[in-house]
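Chemist: There's a structure below that I have some questions on.
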Amino acid sequence: MSTALIAVPTLLVAANVFKPLLKGIARATMMVVSKPVSKEEQEARRHLRDRRLMQRMMNSSSGPSLSNELQAIAARD
């Protein structure tokens, strides 16, 4: 019984100590396994992310004038 009481906290501490190492190994593995993203794909993702951000800003805006201004900014792209 006493070994179980010692083993559980020890495992929890070890998991917290090695978490950054395990995350780094997982990231490196993903970089090796996944194919690189092309510049066009990066641009398309960035554009979609920006449009979604603009849409969220318009949905949460406090008044119609701010919404119209955000729509004008979004239309420039």
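Take the sequence shown: its position 24, counting from 1, is numbered 23 in numbering that gives the first Met the number 0, and each next residue is one higher.
Note that beta-carbon positions come from the ideal geometry of N, C-alpha and C, so glycine has one too.
Return the first residue and the last residue of the alpha helix (DSSP H) that R75 is part of.
Modeler: Element bounds for R75: n/a, residue is neither H nor E.
Chemist: When you compare each of E68, A3, L20, A6 to M53 by their alpha carbons, which one comes out closest?
Modeler: Of the candidates E68, A3, L20, A6, the one whose C-alpha sits nearest the C-alpha of M53 is E68.
Chemist: Throw me the rounded Cβ distance for the M57 and S66 pair, which I believe falls under 8 Å.
Modeler: With 8 Å as the limit, M57 and S66 qualify as a contact, their Cβ atoms being about 5 Å apart.
Chemist: Taking the alpha-carbon of V32 as reference, which of K38, I24, E39 has the nearest alpha-carbon?
Modeler: The residue with the shortest Cα to Cα distance from V32 is I24.
Chemist: Helix, strand or coil for G23? Go by DSSP, reduced to three states.
Modeler: G23: helix per DSSP, three-state reduction.
Chemist: From which residue to which residue does the alpha helix (DSSP H) around K38 run?
Modeler: First-last of the alpha helix (DSSP H) with K38: 38-58.
Chemist: Does the distance from the C-beta atom of R44 to that of A73 stay below 8 Å?
Modeler: No. Outside cutoff.
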